[in-house]
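Heads up, the thing below is written out as structure tokens.
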Amino acid sequence: MGAPASLLPELEDVVQHGSAEKRAETLHRITTLFLEGAPAFNQDHVALFDDVIGCLIEEIEAKALAELARRLAPVPNAPAEVVRKLAKNDDIKVAGPVLKQARLDDPDLKYIAETKSQAHLLAMSTRRGIGEALAEILVTRGDRAVARSIANNSNAKLSENAFTTLVQRAEQDGVLADKVGLRTDIPPRLFRQLLMQASDVVHKRLLVQARPETQAEIRRIMQKVTEEVAAKAAPRNYTVALEAVRALHEERNLTEADVAEYADSEKYEETIAALATICAVPVEVVDRLMNGDRADPVLILARAAGFSWPTVRKIMGSRPGSKPSTQTIDAAYENFDRLTAATAQRVVRFWQVRQGTGE
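If you read the sequence shown in this note's numbering, its first letter stands for residue 19, the second for the next number, and so on.
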């Protein structure tokens with residue numbers, strides 16, 4: 019370490035009396051000296067350079083700082099304090115090179131992601147080994163370019179929250195949808211959501227760019243989505259089901275067991291027709307209620323008819339292409355348990371009076 023030590027008197031003179039040009043020249047010389055020996059330097063050696071370079075950059079023009087950042091960024095053992103100062107610089111020409119590839123501690127990266135410009139975030143989004151916490155900040159605070167960049171960074175570890183944010187943003191950004199859809203680590207349910215909201219153009223681009231196994235999954239999901247949409251959109255014809263159910267009802271009164279059996283056998287039209295017949299509510303009204311977003315109407319009809327919870331659950335699960343989640347089932351059970359027969363019957367009488375208007 020004789021050479022760096024011999025620079026100390028010169029350094030003192032430059033810091034106290036040197037011009038900007040002299041500072042820049044000395045900084046260049048010391049940086050070159052560091053880079054030449056960096057592979058062999060131990061921590062004490064690097065710490066000395068950290069102090070020396072740190073003194074020089076206190077008052078130096080941005081051009082010299084940008085050159086320093088460019089030279090130090092790829093060095094694994096670059097002086098840590100100097101790198102930290104460069105990364106926090108407001109000038110992206112200075113901060114950019116180190117944000118892209120230099121070693122930085124997580125707290126420093128988090129601070130920069132939360133406080134600096136979109137240009138800083140964009141530079142950070144290309145780093146290798148981005149952790150989940152940093153990724154969440156970038157996808158939340160970053161603009162469109164940042165979101166696209168981090169989605170394209172296969173070395174970035176994205177949490178489910180980060181993926182959720184990206185999928186939501188991708189609804190208005192086809193390019194982002196492409197990049198998110200091609201990630202192999204996207205959770206299946208979010209991949210399905212992405213495909214459901216994406217345009218035909220995005221689907222085609224994903225099919226062209228995706229791996230064979232991903233292409234097969236895309237086709238499978240899109241076929242399922244198409245079938246579900248068709249099932250919801252197509253008007254149902256209850257003529258045949260009503261005839262069969264009414265014939266049985268005339269032969270012997272329909273029972274809860276009949277409704278449960280229809281639902282269990284995935285005979286949706288017969289399930290609706292039987293429920294409508296027992297409750298004396300127009301089948302069109304029951305159909306409309308069953309296809310709503312809430313489970314309450316089903317609970318009301320079933321409670322008014324005196325059905326038990328197991329039958330209610332079967333009815334809720336009988337709608338094609340729309341199986342209720344565990345959370346939905348649990349919430350429905352609580353509501354059904356609280357619902358009184360008297361209240362349910364009052365609501366059903368209202369539906370009967372409206373004669374299928376749905377008002």
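From the three backbone atoms N, C-alpha and C, an ideal C-beta is built for every residue, glycine too.
Limits of the unbroken alpha helix (DSSP H) element including residue i
i, result
"phenylalanine 181", "178-188"
"serine 167", "162-169"
"histidine 71", "Per the sequence shown, residue 71 should be read as isoleucine rather than histidine. 61-74 is the span of the alpha helix (DSSP H), which, as asked, contains isoleucine 71."
"glutamate 261", "257-269"
"phenylalanine 209", "206-215"
"arginine 331", "327-334"
"glutamate 154", "150-159"
"lysine 103", "98-105"
"aspartate 314", "314-323"
"alanine 56", "Note, alanine 56: premise wrong, no alpha helix (DSSP H); not H, not E."
"threonine 273", "Neither: threonine 273 is in no alpha helix (DSSP H) and is coded neither H nor E."
"glutamate 77", "Looking at the DSSP string, glutamate 77 is not in any alpha helix (DSSP H), and its letter there is neither H nor E."
"arginine 223", "218-227"
"leucine 139", "136-142"
Distance, residue j Cα to residue i Cα
i, j, result
"glutamate 261", "valine 277", "15 Å"
"glutamine 215", "arginine 47", "57 Å"
"alanine 281", "proline 328", "11 Å"
"isoleucine 168", "isoleucine 130", "16 Å"
"alanine 251", "arginine 88", "Confidence is the limiting factor: at alanine 251 the pLDDT is only 49, short of 50, which leaves the residue's position unreliable, though a coordinate-based value still follows. Approximately 59 Å between the Cα atoms of the pair."
"isoleucine 78", "leucine 224", "49 Å"
"glutamate 132", "glutamine 211", "29 Å"
"arginine 312", "alanine 265", "31 Å"
"leucine 319", "valine 258", "22 Å"
"proline 102", "alanine 165", "In the sequence under discussion, the amino acid at residue 102 is arginine, which differs from the proline named in the question. Distance between the alpha carbons of arginine 102 and alanine 165: 24 Å."
"leucine 208", "proline 94", "37 Å"
"valine 366", "leucine 200", "50 Å"
"glutamine 186", "aspartate 161", "14 Å"
"tyrosine 286", "glutamine 345", "23 Å"
"glutamate 288", "valine 263", "7 Å"
"aspartate 108", "glutamine 61", "29 Å"
"glutamate 284", "serine 336", "6 Å"
"alanine 292", "glycine 324", "14 Å"
"isoleucine 204", "leucine 117", "26 Å"
"leucine 139", "leucine 317", "50 Å"
"glutamate 54", "alanine 96", "12 Å"
"leucine 104", "valine 112", "6 Å"
"aspartate 123", "lysine 81", "25 Å"
"alanine 58", "alanine 98", "17 Å"
"leucine 51", "asparagine 171", "34 Å"
"proline 125", "leucine 152", "9 Å"
"isoleucine 155", "serine 135", "13 Å"
"isoleucine 110", "alanine 141", "9 Å"
"alanine 195", "threonine 273", "50 Å"
"alanine 359", "serine 326", "12 Å"
"leucine 357", "valine 219", "48 Å"
"alanine 42", "leucine 127", "27 Å"
"alanine 234", "glutamine 227", "12 Å"
"alanine 350", "threonine 144", "46 Å"
"lysine 380", "valine 100", "Nothing about residue 380 can be reported from this structure: the residues present for the chain run from 19 to 377 only."
"cysteine 73", "valine 64", "14 Å"
"alanine 362", "isoleucine 296", "14 Å"
"asparagine 309", "isoleucine 333", "12 Å"
As assigned by DSSP and simplified to three states, the class of residue i
i, result
"alanine 251", "With a pLDDT of 49 at alanine 251, under the threshold of 50, the modelled position of that residue is not reliable, and no figure is offered here."
"asparagine 353", "helix"
"leucine 51", "helix"
"glutamate 377", "Any reading at glutamate 377 is ruled out, since the residue's pLDDT is 41, under 50, leaving its predicted position unreliable."
"alanine 91", "coil"
"phenylalanine 368", "helix"
"aspartate 191", "coil"
"leucine 307", "helix"
"lysine 197", "helix"
"proline 230", "helix"
"lysine 285", "coil"
"aspartate 348", "helix"
"lysine 341", "coil"
"threonine 361", "helix"
"lysine 40", "helix"
"arginine 238", "helix"
Check: residue i C-beta below 7 Å from any heavy atom of the ligand SAM
i, result
"tyrosine 280", "Ligands displayed in this structure: none; no statement on the ligand SAM is therefore possible."
Query raised in the report: Taking three-plus beta-carbon pairs below 8 Å as touching, is the segment 167-177 in contact with the segment 145-155?
Result: The segment 167-177 is in contact with the segment 145-155.
**Report entry** Runs of alpha helix (DSSP H) wholly within the segment 107-132 (minimum 4 residues, chain order)
**Finding:** Runs of the alpha helix (DSSP H) lying entirely within the segment 107-132, each at least 4 residues long, are 110-119 in chain order.
Report task. Give a yes or no on contact between the segment 297-313 and the segment 266-275, applying the rule of three or more CB pairs nearer than 8 Å. Result -> The answer is no - the segment 266-275 does not touch the segment 297-313, with fewer than three Cβ pairs under 8 Å.
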